[in-house]
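Once you know that position 166 of the sequence shown is 171 in the working numbering, the rest is easy, because the numbers rise by one and skip nothing. Let me begin by presenting the structure, written as structure tokens, before commenting on it.
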Amino acid sequence: MRVGPDLRSGDPERHVRVKQRGSVLNMLRRLDKIRFRGHKRDDFLDLAESPNASDNECGDDVPLRVPRARDSEELRDPAGPGTLIMAAGVQDFNRTESDRLNEIKGHLEIALLEKHFLQEELRKLREETNSEMLRQELDRERQRRIELEQKVQEVLKARTEEQAAQQPPRSQAPVANGADRRGQGLCPRVQKWFYEKFGEYVEDFRFQPEESAVETEEPLSARRLTENMRRLKRGAKPVTSFVKNLSALSDWHSVYTSAIAFTVYMNAVWHGWAIPMFLFLAILRLSLNYLIARGWRIQWSIVPEVSEVVEPPKEDLTVSEKFQLVLDVAQKAQNLFGKMADILEKIKNLFMWVQPEITQKLYVALWAAFLASCFFPYRLVGLAVGLYAGIKFFLIDFVFKRCPRLRAKYDTPYIIWKSLPTDPQLKERSSAAAVSRRTTSARSYVASAPAGLGRDEDAGRLHSTKKGNFHEIFNLTENERPLAVCENGWRCCLINRDRKMPTDYIRNGVLYVTENYLCFESSKSGSSKRNKVIRLVDITDIQKYKVLSVLPGSGMGIAVTTPSTQKPLVFGAMVHRDEAFETIFSQYLKITAGAASGSDS
6 MRVGPDLRSG DPERHVRVKQ RGSVLNMLRR LDKIRFRGHK RDDFLDLAES
56 PNASDNECGD DVPLRVPRAR DSEELRDPAG PGTLIMAAGV QDFNRTESDR
106 LNEIKGHLEI ALLEKHFLQE ELRKLREETN SEMLRQELDR ERQRRIELEQ
156 KVQEVLKART EEQAAQQPPR SQAPVANGAD RRGQGLCPRV QKWFYEKFGE
206 YVEDFRFQPE ESAVETEEPL SARRLTENMR RLKRGAKPVT SFVKNLSALS
256 DWHSVYTSAI AFTVYMNAVW HGWAIPMFLF LAILRLSLNY LIARGWRIQW
306 SIVPEVSEVV EPPKEDLTVS EKFQLVLDVA QKAQNLFGKM ADILEKIKNL
356 FMWVQPEITQ KLYVALWAAF LASCFFPYRL VGLAVGLYAG IKFFLIDFVF
406 KRCPRLRAKY DTPYIIWKSL PTDPQLKERS SAAAVSRRTT SARSYVASAP
456 AGLGRDEDAG RLHSTKKGNF HEIFNLTENE RPLAVCENGW RCCLINRDRK
506 MPTDYIRNGV LYVTENYLCF ESSKSGSSKR NKVIRLVDIT DIQKYKVLSV
556 LPGSGMGIAV TTPSTQKPLV FGAMVHRDEA FETIFSQYLK ITAGAASGSD
606 S
């Protein structure tokens, strides 16, 4: 039969497949070590004994079959059941090989996924643990430990020195008897008991160098700025409400309340109970605050409170809104700081004899109070001061507030306070005095000028800029002078967008307007080439201009178009932009109307 040669011809193929199966088993052993990371598994008998390749696979997979010895004998034996059994065995063997290859792929995917997950966890751990902060914390702890060790060593050294000082030298020590031994044993006990009881308090009085703590400044934030302003307003509300109630009592806003307060106060001052009365009022206020904190609704105020609408803070603000917010807060802070500075400067000038006639009154009043306190009893002095304060607060101030002219004549404290100057007012006075001296000298110069010169020539000759005469700076005729509105000029910057160099693109200086010209004087020293002269007749267009669109408002610039420039010339950063625009535009219309009428005639 031909079955034998066919089987013999199939032996090499079977031998090759068995070899492939051995390499597959070795690979599976390695993957099993990677997947489970357990102890070394030397007995990897079959793939069916290993755990599933993936968590997503089902548990009812077809178990893998290994050909038994009897089947192999039947395949070798030509007298076996036949070729059908051999074909079924070969088919099962091929199927098990493909299943094993698929499972190897699953193990590889799992290993790669685990590697990816481990890398992600390692990256997250590196991000979460800030090594620099831990190192700084460790350095601080080390420094503290060193300081503590130094303190302990100092304490031990001090104790040893004290003990050495207390112990007498051995050469002079007499022979101790029983009483001396008991005394020596008692002294350390007393010292130990004293240190245990009062050692903590003694350590509190130990002098140590003061540690200077550096406060960290928060960055500028629009939300934080508005929150701080609201906190300041809420914190100052009790003080402002107290001042309003006092003013309402003085103004007799509520007649019955003011009458009762005046009667109680005058009676307390007359009987010498003014200080107990104020203490009782403070205790009463704290009691009311305690009840309010407990949930009671108690509102006692002479002036009715007006509830203000609180706008909720916006989450996202645009650049323009943030800038406007900063401007509003800066304006409020400026006004508040200005009022506080005025009060402090007035007090300073009062005591520094800036105006001697005002400080002299205070000086005399203080001497009178000092002599009265020396020669009169305190009860009489307190009675006089209390009665004057009550009459002044409840009666005299009420009359003075209703009659302003009477107050301006006879209210001495009010007159002194209003007449006290601040530092800016003193500077204005000094500058006004300097201007008056200059005017006097100029008038004397005009009076001494030759009679042949006219008034216009004198005015043109006297007017000059910081660098010289006006007509010489701009190479104009002597009759060209700045208008009266802009005699000192307007500070601005000239933006010439036709130039490419930064030094020529923007120039700071002063802008003047004459009858026929628009003159710009550069603030930088140099030749007159940096100055700019524009004829009003040559201007084709003039309009208001906004240099930065992100800023609120209509801008602070004026754009002037001429035939000689491709782009309009911009005079920006002008504080008095509207005044300058109206002056230039009105003079421009006047010159163009005159030129048009001349051409028609």
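By construction, the Cβ of each residue, glycine as well, lies at the ideal position given by its N, Cα and C atoms.
If you measure between the beta carbons of residue i and residue j, is that distance less than 8 Å?
i      : j      : result
Phe399 : Ser259 : no
Gly277 : Arg194 : no
Leu330 : Ala227 : yes
Leu355 : Leu425 : yes
Gly577 : Cys524 : no
Ile288 : Ile297 : no
Lys529 : Thr427 : no
Ile421 : Lys366 : yes
Ile539 : Thr567 : yes
Val552 : Val575 : yes
Phe403 : Leu411 : no
Phe479 : Asn536 : yes
Met357 : Trp495 : no
Gly391 : Ala279 : yes
Met234 : Val334 : yes
Since residue i contacts residue j with CB under 8 Å, what's their CB separation in whole angstroms?
i      : j      : result
Ile563 : Tyr593 : Ile563 to Tyr593, Cβ: 11 Å. No contact.
Phe267 : Gly387 : Wrong, their Cβ atoms sit about 18 Å apart, outside the cutoff.
Arg229 : Glu222 : 12 Å between Cβ atoms; not a contact.
Ser325 : Ser246 : Not confirmed; about 36 Å, so no contact.
Ignore the nearest five residues each way along the sequence and tell me which others in residue i's own chain have a CB closer than 6 Å to its CB.
i      : result
Thr597 : none
Lys572 : Arg502, Asp503
Lys337 : none
Ile511 : Cys498, Ile500
Asp546 : Thr566
Val244 : none
Gly240 : none
Give me, in chain order, the residues of the same chain whose beta-carbon lies closer than 7 Å to that of residue i; leave out the 5 immediate sequence neighbours on both sides.
i      : result
Pro179 : Bear in mind that the predicted position of Pro179 carries a pLDDT of just 46, short of 50, making it unreliable; the figure below should be weighed with that in mind. Answer for Pro179: no residue qualifies.
Gly560 : Lys549, Tyr550, Lys551, Val552
Ala377 : Val386
Pro173 : Per-residue confidence for Pro173 stands at a pLDDT of 49, beneath the threshold of 50, marking its modelled position as unreliable; the derived number appears in the next sentence. Around Pro173: no qualifying Cβ.
Asp82  : Note on Asp82: pLDDT 45, under 50, position unreliable in the model; no value is reported.
Leu225 : none
Ser591 : none
Looking only at its chain, what residues have a beta carbon closer than 8 Å to the beta carbon of residue i, apart from the 5 residues adjacent to it on each side?
i      : result
Val542 : Asn521, Ile596, Thr597, Ala600
Gly603 : none
Thr482 : His476
Leu293 : Ile303, Trp305
Is it the case that the segment 512-522 contacts the segment 475-490, given that we only count it when at least three CB pairs across the two stretches are under 8 Å? Output reads yes: the segment 512-522 touches the segment 475-490.
Does the segment 406-424 come within contact of the segment 269-278, defined as at least 3 CB pairs closer than 8 Å? The segment 406-424 is not in contact with the segment 269-278.
Which full runs of the alpha helix (DSSP H) of 4+ residues lie inside the segment 487-573, going along the chain? The DSSP assignment places complete alpha helix (DSSP H) segments of no fewer than 4 residues inside the segment 487-573 at 507-510, in order along the chain.
Within the segment 376-431, ranges of the alpha helix (DSSP H) (whole runs, at least 4 residues): The alpha helix (DSSP H) runs lying completely inside the segment 376-431 and spanning 4 residues or more are 383-396, 402-407, 409-415, 417-424, given in chain order.
Could you pull out every unbroken alpha helix (DSSP H) segment of at least 4 residues lying fully inside the segment 218-266, listed in chain order? With a minimum length of 4 residues, the unbroken runs of alpha helix (DSSP H) contained wholly in the segment 218-266 fall at 227-255.
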